[in-house]
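If you count by full-length UniProt numbering, then the sequence shown holds residues 1 to 156, one letter each, in order.
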Amino acid sequence: PGAMSEAVAEESPERDGEGGSGRSSWGLLVTAGLGGTLVALYAVVTPFVTPALRKVCLPFVPATATQIQNVLKMLENRSGPLVDIGSGDGRVVIAAAKKGFKAVGYELNPWLVWYSRYRAWRDGVHQNTKFYISDLWKVSFSHYTNIVVFGVPQMV
């Protein structure tokens, strides 16, 4: 029994003055870093995934250059405020603002709304654009002359 207790005593962290705090601090740091990364990932990904879980699936699909040109062509010789329902990253709203329209976008995804606001500012049209985080079913569009919506038939 004496040899066994000496071997245990020699391997004990208190024996060499470390107290085991170096290893536990490292583990705590790794755990906190991993936890923070997972929370951030969840916060970024959730707004993009939840539309797929809705009754009517409305995923974010960016408008192509051709689609934007088609919208702008339809807007020729028109005036008045424009609204893009489900504005995504703001491409249509920004393109319309560049053509002189006061344009507004409504989007559920807050990341896309913030990105749209940044792009409008970067492109110098932020004075003629507004972007709102909102559910399209809770907004009145009666005061808009021009309404743009890319969606699935079940939505309209």
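Using N, Cα and C, we set each Cβ at its ideal position, and we do this for glycine too.
Closest residue to residue i among the options (Cα-Cα distance)
{"i": "Asp-84", "options": "Leu-108, Glu-76, Asn-77", "result": "Leu-108"}
{"i": "Pro-110", "options": "Ala-32, Ala-43, Ser-24, Leu-34", "result": "Ala-43"}
{"i": "Val-61", "options": "Lys-130, Trp-137, Tyr-118, Leu-112", "result": "Leu-112"}
Buried/exposed call for residue i, threshold 16 Cβ in 10 Å
{"i": "Asp-89", "result": "buried"}
{"i": "Arg-78", "result": "exposed"}
{"i": "Ser-142", "result": "exposed"}
{"i": "Leu-34", "result": "exposed"}
{"i": "Leu-38", "result": "exposed"}
{"i": "Ala-63", "result": "buried"}
Integer-rounded CB distance, given that residue j should sit under 8 Å from residue i
{"i": "Phe-101", "j": "Asn-128", "result": "7 Å"}
{"i": "Asp-123", "j": "Ile-94", "result": "6 Å"}
{"i": "Ser-140", "j": "Ser-116", "result": "The Cβ separation is near 21 Å, so there is no contact."}
{"i": "Pro-81", "j": "Tyr-132", "result": "Actually they do not touch by this definition, with Cβ atoms about 14 Å apart."}
{"i": "Val-92", "j": "Ile-68", "result": "6 Å"}
Beta-bridge pairing of residue i - partner residues as DSSP gives them
{"i": "Asp-84", "result": "Gly-105, Val-148"}
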